[in-house]
Amino acid sequence: MRTLKYAILGLLMQCPMTGYDISKAFGDGLGCFWSAKHSQIYPELKRLAEERLIRYSTVIQGEHLEKKLYEITPAGREDFLQWLDQDPPLDPTPKDVFRLRSYYCQWLPEENYRELIEKQIEKRFVKLSFLSGLLDKNYGGIDPATLNGAARGDYLVLLGAVMREETYMNWLKRCRELVTTWSTQK
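Going by our numbering, the sequence shown opens with residue 27, and the numbers climb by one from there.
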């Protein structure tokens with residue numbers, strides 16, 4: 027299944043966008059849970075246009091710059107809504123290099139592994155702070171029950187991203203405690 031296809035169709039369900047706007051969306055809202063590179067997006071846009079799920083018009087920006095403005099077609103809308111209503115199988119567990127290193131931590135000196143944990147805590151703290159700040163900035167003081175339209179999905183996914191990072195931080199802190207305990211038992 028080409029999931030990127032549906033990520034792009036979903037964006038175009040909201041409004042027409044340029045390829046640049048679509049790429050930017052993968053760094054903003056979608057970036058909390060889905061990523062795509064520029065080199066993946068443009069070939070997918072071409073494929074979607076060939077399949078007549080999207081169409082584009084050329085618009086002039088400034089004096090000479092031509093850009094393609096993509097919009098979803100009725101066939102694209104139907105395809106997207108059918109996909110959205112499906113119950114997909116559970117994806118395989120995402121790859122996590124730090125967890126892989128943790129799995130083999132018995133071959134590292136405990137001090138080295140403790141340093142890796144501390145570095146992960148710092149990185150995850152930065153990520154958690156960013157996501158929490160985004161949640162606060164966009165939805166602080168708003169009752170989530172009153173959200174409408176695209177704000178509902180954005181809120182739910184952003185909340186999930188914050189909770190994911192909080193859980194990861196708790197796991198890292200527990201790892202740190204255990205390594206300390208193991209060190210004192212020698």
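Using N, Cα and C, we set each Cβ at its ideal position, and we do this for glycine too. Remember, predicted model here, so these are calculated numbers, not experimental data.
*List the whole-angstrom C-beta distance separating R150 from R202, where the pair is believed to meet the contact cut-off of C-beta under 8 Å.*
Contact doesn't hold; Cβ gap of about 12 Å is too wide.
*Let me know if Q108 comes out buried or exposed under the rule of 16 or more other beta-carbons within 10 Å of its beta-carbon.*
exposed
*Tell me, which residues are paired with E92 by DSSP?*
I86
*In this structure, does DSSP put I98 in helix, strand or coil?*
strand
_Chain-order list of residues whose beta-carbon lies under 8 Å from that of M195 (same chain, five-residue window excluded)_ = I147, R150, F151 and L154
*asked:* For a test of the three-state rule: what should DSSP assign to T44, helix, strand or coil?
replied: strand
*Determine, using beta-carbon pairs with one atom in the region 91-104 and one in the region 27-46, whether at least three such pairs fall under 8 Å.*
yes
*Counting along the chain, where does the alpha helix (DSSP H) carrying Q66 start and finish?*
H64 to E76
*Give a yes or no on whether the C-beta atoms belonging to G45 and L71 are separated by under 7 Å.*
yes
*C-alpha distance - L157 paired with R127, whole-angstrom precision*: 25 Å
*Spatial neighbours of P170 within its chain, please: CB distance less than 7 Å, with the 5 preceding and 5 following residues excluded, ordered by chain position.*
Y181
*Would DSSP call M80 helix, strand or coil?*
The residue asked about is misnamed: residue 80 is Ile in this sequence, not Met. Strand, per DSSP.
_Alpha carbon of A177 to alpha carbon of C41, nearest angstrom_ = 14 Å
*Can you tell me whether DSSP reads T119 as helix, strand or coil?*
coil
*By DSSP, does S209 sit in helix, in strand, or in coil?*
helix
*Hey, A62 and L110: beta-carbon distance below 7 Å or not?*
no
*asked:* For A51, count the other beta carbons within 10 Å of its own beta carbon; 16 or more makes it buried, fewer makes it exposed. Which is it?
replied: buried
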